[in-house]
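These notes are about the structure you will find just below.
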């Protein structure tokens, strides 16, 4: 994990998510929950998505960050999956996994402990609910 993301550690509790293009894979608006890392006995405060595939511009599949989980149209910003890129965000950041089209969308999802805002970009990091979300190509 690049130090510029401000992540202290990642829990070994990782899982793959395969959005099925045949059924228009979609994950409804939600926030993630904190977990206690069994290896450390500490609580996580952020989620991470490592994109293992790229979805074309016209093929859906974005991860959209929302103002509120109750309003799926309240998009603050979108992340288009690009193989090798990672997004790290606070557990309480509302987000949705949009329907995929023809191209598969496969991500490695994990939880981590974020200690700083990171320095991934020279411009200001995108904000969701007043908290910065780090997006970076690895």
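Numbering (this note's numbering), first residue to last: 983 to 1120.
Glycine included, every Cβ here is placed at the ideal spot set by N, Cα and C.
Closest to residue i by C-alpha separation, out of the options, would be which residue?
| i | options | result |
| --- | --- | --- |
| residue 1054 | 997, 1004, 996, 1012 | 1012 |
| residue 1010 | 1061, 1052, 1004 | 1052 |
| residue 1057 | 1064, 1076, 1066, 1067 | 1076 |
| residue 1071 | 1082, 1031, 1064 | 1031 |
| residue 1067 | 1049, 1082, 1044 | 1044 |
| residue 1024 | 1059, 993, 1074 | 993 |
| residue 1073 | 1042, 1048, 1064, 1026 | 1026 |
| residue 1042 | 985, 986, 1001, 1069 | 1001 |
| residue 1059 | 1065, 983, 1046 | 1046 |
Taking DSSP's pairing of strands, which residues face residue i in a bridge?
| i | result |
| --- | --- |
| residue 1064 | Note: residue 1064 sits in no beta bridge, so no partner. |
| residue 1095 | 991 |
| residue 1013 | Note: residue 1013 sits in no beta bridge, so no partner. |
| residue 1056 | DSSP output for residue 1056 lists no bridge partner at all. |
| residue 1030 | 1070, 1092 |
| residue 1001 | 1087 |
Here's the rule: buried if 16 or more other CB atoms are within 10 angstroms of the residue's CB, otherwise exposed. What is residue i?
| i | result |
| --- | --- |
| residue 996 | exposed |
| residue 1022 | exposed |
| residue 998 | exposed |
| residue 1084 | exposed |
| residue 1020 | exposed |
| residue 1096 | buried |
| residue 1050 | exposed |
| residue 986 | exposed |
For my contact list, residue i and residue j are in at a C-beta cut-off of 8 Å; report their separation, rounded to the angstrom.
| i | j | result |
| --- | --- | --- |
| residue 1094 | residue 1018 | Not quite, the Cβ-Cβ distance comes to about 13 Å (not below 8 Å), so this is no contact. |
| residue 1008 | residue 1062 | About 16 Å separates the two Cβ atoms, so there is no contact after all. |
| residue 1014 | residue 1029 | 5 Å |
| residue 1082 | residue 1003 | 5 Å |
(message) Below 8 Å, how does it come out for the region 1034-1052 and the region 1087-1094: are there three or more Cβ pairs, yes or no?
(response) yes
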